[in-house]
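Trainee: My questions will all concern the structure given below.
Shown next, in the form of structure tokens:
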């Protein structure tokens, strides 16, 4: 017996209703116009024409050629570049370029050479030339990474709970800045171009306090080790010279008084005959002079190092040291009314001694060893500025533009928001300097061109990888805010903050909605290129359907508010490729006049490899 008192007939819900649209599980909360979305090509293929044709199928308006290998660019014939331009015009498609993954600073695994940096310039300019062939009108963003092989420093975000337990002195001792502490950095010897690592370390020393022997614990941060390396090397170099100077002074003390008359006599008469004893004394005096000359040469090298790698204060101090040395070594010529450098070993010794002591007493040691990222920043801005200058010199207002991308955080250096901001600002400044100096252009006009020519490609997936170092979602959003004024281009890929996987947006934990809000109008209008390499590899389907859904793009033209959205398609047909809905089973269409349903999928049908529709193509009988 059925109890009918609790029996309720379910109400018919019908199909999709625009009054109660479903947002879909993957919707990121941010809607993007389909006209700003694009897709990157296969970075392994030089067949750009096939790639463009294939990637155009979903209907996006932007294609980015992933020419990330220098060899790949040169494999593409110039005829194909021109044909890509014609194809873009025919389809109303905008084609951008991802340039080669090179190291803009010129660093290699073996170290730095200026020759390699110049090679990188030429490789980047080649990418700019290819972009101009594709779109001669100009304004094409050509994306280059801020770092191509520069290893990232190991950093750690200190949890708030841990920070609260630390005093101000303890934070300073640990080198915590902005709630971050570094654990490993790479150091470059600017003299040799060689690199080595500096790791956080803890040292223990004995110390005497109020008759009680205790152990002193000291944390050596990587940054402190850079300073220690510079100080110790400078001190060692000078100490070695001081030891050699001491040996020279010993010889002079033993022989000077006896040898000086002989020395002076030979200055007047070089043919004067000497006794064996006099010859020995004179030889020792000459030996001391030779040693002093050798010391002088080594001191010149150290002086150059101090001037080249010192601070501005160092250089001012070195100017005074130089004047003091000139005063110490100068004497009046015996017959002519001029000042000359003395040949007297005693005077030379005194002058060299003072020079050594003055160099030793300098307030700061020369920064021969510096943080690798600081050096890379200086050299990379030079490379970007030079490339932009050469491109503008060649193409003028129709030049492509340089858009600097943040590489995966934690894998490569110079990947943070502040890094990209500084790189863009530095590159623009050097570009302006070249335009003013070499083209006699006004500074105001040069700045306008610089702002147009150099900007940022922000990869939302790459910056999200900060999370593996303990950074939070809020930290990732703050990184985006720093580069917002410099934005030119956006790369879309999702991940979970650990590995550099490339998924369609909405399938990881990238806070896209908040990031795009920080990018504001520039972000809304910018081209947004989907990079979903892992999705292609693992699932072998086009990521644009998922991207349209998860970004809530409108299905039809006419504006965001006058159209249903792709993320509502689940209410219409249980997903874009899910058939005709439960109320209208697909079998009905296939059996009773399917129209175009039996066409191949690539032609808009429903069956893989289908040969045609049920329409015979014959007239009615």
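Residue numbers (this note's numbering): 1 to 621. For every residue, glycine included, the Cβ atom is placed at its ideal position computed from N, Cα and C. Computed from a prediction, not measured in an experiment: that's the story for all the values here.
(1) Say whether the segment 537-555 touches the segment 55-64, bearing in mind that this needs 3 or more beta-carbon pairs closer than 8 Å, one atom from each stretch.
(2) Would you report the Cα separation of residue 100 and residue 123, rounded to the nearest angstrom?
(3) Could you give the first and the last residue of the continuous beta strand (DSSP E) run that contains residue 622?
(4) I'd like the span of the beta strand (DSSP E) that includes residue 306, first residue to last.
(5) Could you compute how far the alpha carbon of residue 357 sits from the alpha carbon of residue 499?
(6) May I have the straight-line CA-CA distance separating residue 263 from residue 196, to the nearest angstrom?
(7) Spatial neighbours of residue 340 within its chain, please: C-beta separation below 6 Å, excluding the five flanking residues on both sides.
(8) Secondary structure at residue 540, three-state DSSP: helix, strand or coil?
(9) Suppose contacts are defined by Cβ-Cβ distances below 8 Å. Is residue 526 in contact with residue 476 by that definition?
(10) Assign residue 583 to buried or exposed, taking buried as 16 or more other Cβ atoms, counted over all protein chains shown, within 10 Å of its Cβ.
(11) In the DSSP assignment, what residue or residues form a beta bridge with residue 182?
(12) At what residue ranges does the segment 180-264 contain a whole run of the beta strand (DSSP E), taking only runs of 3 or more?
(13) Are the segment 473-487 and the segment 165-176 touching by the rule of at least three beta carbon pairs closer than 8 Å?
(14) Mapping DSSP to helix, strand and coil, what is residue 547?
(15) Taking the alpha-carbon of residue 387 as reference, which of 244, 74, 90 and 117 has the nearest alpha-carbon?
(16) Beta-carbon separation of residue 198 and residue 222 under 8 Å?
(17) Would you give the residue range spanned by the beta strand (DSSP E) that residue 344 belongs to?
(18) Which one or two residues does DSSP pair with residue 371 in a beta bridge?
(19) In whole angstroms, what separates the C-alpha of residue 41 from that of residue 63?
(20) In three-state DSSP terms, what is residue 38?
(21) Return the CA-CA distance between residue 407 and residue 150, expressed in angstroms with no decimal places.
(22) How many Å lie between residue 36 and residue 183 at the Cα?
(23) Is the segment 316-336 close to the segment 373-390, with three or more CB pairs under 8 Å?
(24) With distance defined between alpha-carbon atoms, name the residue in 414, 65 and 253 nearest to residue 142.
(25) Within 10 angstroms of the Cβ of residue 556, are there 16 or more other Cβ atoms? Answer buried if so, exposed if not.
(26) Just confirm the distance between the C-beta atoms of residue 80 and residue 49, as a whole number of angstroms; I'd bet it's less than 8 Å.
(27) In the DSSP output, what is residue 266 paired with across the bridge?
Mentor: According to the data block:
(1) Touching, per the Cβ criterion.
(2) Rounded to whole angstroms, the separation of the alpha carbons of residue 123 and residue 100 is 8 Å.
(3) The requested residue 622 is not part of the displayed model; the chain covers only 1 to 621.
(4) That residue, residue 306, is in no beta strand (DSSP E); its alpha helix (DSSP H) goes 276-309.
(5) Cα to Cα, residue 357 sits roughly 54 Å from residue 499.
(6) Near 51 Å, if we compare the C-alpha coordinates of residue 196 and residue 263.
(7) Cβ within range, chain order: 333.
(8) Looking at residue 540 - three-state DSSP - the assignment turns out to be coil, as it is neither helix nor strand.
(9) Going by C-beta atoms, residue 526 is not nearer than 8 Å to residue 476.
(10) Annotation note: pLDDT 47 at residue 583 (below 50); position unreliable, coordinate value reported separately. Note on residue 583: under 16 other CB atoms within 10 angstroms of its CB, so exposed under the neighbour-count rule.
(11) The partner list for residue 182 (beta bridge, DSSP) reads 155.
(12) DSSP runs (the beta strand (DSSP E)) wholly in the segment 180-264: 180-189, 195-199, 201-209 and 212-220.
(13) The answer is no - the segment 165-176 does not touch the segment 473-487, with fewer than three Cβ pairs under 8 Å.
(14) Assignment of residue 547 by DSSP, reduced to helix, strand and coil, places it in the helix class.
(15) That would be 117, whose Cα lies nearest to the Cα of residue 387.
(16) Yes, Cβ-Cβ distance for residue 198 and residue 222 is below 8 Å.
(17) Residue 344 -> no beta strand (DSSP E), and no H or E assigned at all.
(18) 187.
(19) In a straight line, the C-alpha of residue 41 is about 7 Å away from that of residue 63.
(20) Correct three-state label for residue 38: strand.
(21) For the pair residue 407 and residue 150, the Cα-to-Cα distance works out to about 10 Å.
(22) Those two C-alpha atoms are separated by around 41 Å.
(23) In short, these stretches do not touch, since the Cβ pair count stays below three.
(24) Closest by C-alpha distance to residue 142, out of 414, 65 and 253, is 65.
(25) Burial state of residue 556 is exposed, judged by a 10 Å Cβ sphere holding fewer than 16 other Cβ atoms.
(26) Contact flag correct, Cβ pair sits at about 6 Å.
(27) Looking at the DSSP assignment, residue 266 forms no beta bridge with any residue, so it has no partner.
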